[in-house]
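The opening residue of the sequence shown carries number 45 in my numbering; numbering runs sequentially from there.
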Amino acid sequence: MNDSRKKIVAGNWKMNLSLQEAQSLTAELLGMIQDEKNNDSHVYLFPPFVYINNIYRQIQNSTINVGAQNCADQISGAYTGETSVTMLNSVGASAVLIGHSERRTYYHESNQSCANKINLALQQGIIPFYCIGETLNERNSNQQFNIIEKQLMEGIFHLGAEEFSKCVIAYEPVWAIGTGLTASPDQAQEMHAFIRKLITEKYDATTANNCSILYGGSCNDQNAKELFSLPDVDGGLIGGASLKSRSFMNIIKAFQ
Ligand code: PGA
């Protein structure tokens, strides 16, 4: 963590919770966050599409932000079942996850379609959280750095520095997501520093230094403090541990 960068804790609820459960979780978080006077971390909730506007109404006058877990790679038209960035904007989403590994694995999303989505999100003033990460096979065959570089080159490095600086990067090793296997502090720091080096080479040191790079993959209230204290880790994208208010709040507090 570096004080010049935004500290971010984001909860990715995935395809979990009923509307009532989602609203109770949000209400509990709002209460807990109001009691935390000294916390300057930026909190984002990523509920399923259908709850975004309900959650937006709840968090509207608070410091919490709401975003979507995905968006269409087209602006409008005959794309049955898709949700565009303009729709997301109209229901209150201020951020969107792009390229989550579950989207890449189960729905065959490519770096190129992520690049389209990032462009569309930026046109709507929505913050893209671009998710990247290697699989276990890729790490075991020492391909992790090539994979991350390719995901950055093809998915986001087409942007100019000004547009890039509006984005957040989330490094999520696929083998750590939902498995209970967290990257070790050394593995996380090594990859975050590598990502920052690539951003420096592509843009410049200031752009790299200002970019928030989140860690995701079995991050919880037991390991968040150690991960967030690493020099190049600026917060977390949290799945399972974001579904309970107490554990998510403890992760938010791990910055202090
Ligand atoms: P996890 O998920 O915290 O449950 O591992 C993280 C994510 O997929 O964003």
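We put the beta carbon where it would ideally sit given N, CA and C, even for glycine.
{"Query": "Quick check on Gly111: buried or exposed, where buried means 16 or more other Cβ atoms within 10 Å of its Cβ?", "Result": "buried"}
{"Query": "State yes or no: is the C-beta of Gly111 nearer than 8 Å to some heavy atom of ligand 1?", "Result": "no"}
{"Query": "Check whether the segment 224-233 touches the segment 192-212, counting contact only when three or more Cβ pairs, one atom from each stretch, lie closer than 8 Å.", "Result": "no"}
{"Query": "Classify Met293: buried if its beta carbon has 16 or more other beta carbons within 10 angstroms, exposed otherwise.", "Result": "buried"}
{"Query": "Assuming Pro92 contacts Met131 under a Cβ cut-off of 8 Å, what Cβ separation, rounded to an integer in Å, is found between them?", "Result": "About 14 Å; that fails the 8 Å criterion."}
{"Query": "Is the beta carbon of Ile52 less than 9 Å from the beta carbon of Leu242?", "Result": "no"}
{"Query": "To test your reading of the DSSP string, which unbroken alpha helix (DSSP H) runs of 4 or more residues are found completely within the segment 196-241?", "Result": "205-208"}
{"Query": "Using a Cβ-based criterion (distance less than 8 Å to any ligand heavy atom), does Cys175 qualify as near ligand 1?", "Result": "yes"}
{"Query": "With 16 as the cutoff for other CB atoms within 10 Å, does Gly55 come out buried or exposed?", "Result": "buried"}
{"Query": "Take Val94 as the anchor and find which of Ile119, Ile295 and Ala137 has the nearest alpha-carbon.", "Result": "Ala137"}
{"Query": "Should Cys263 be counted as a contact of ligand 1 given a C-beta to heavy atom distance under 8 Å?", "Result": "yes"}
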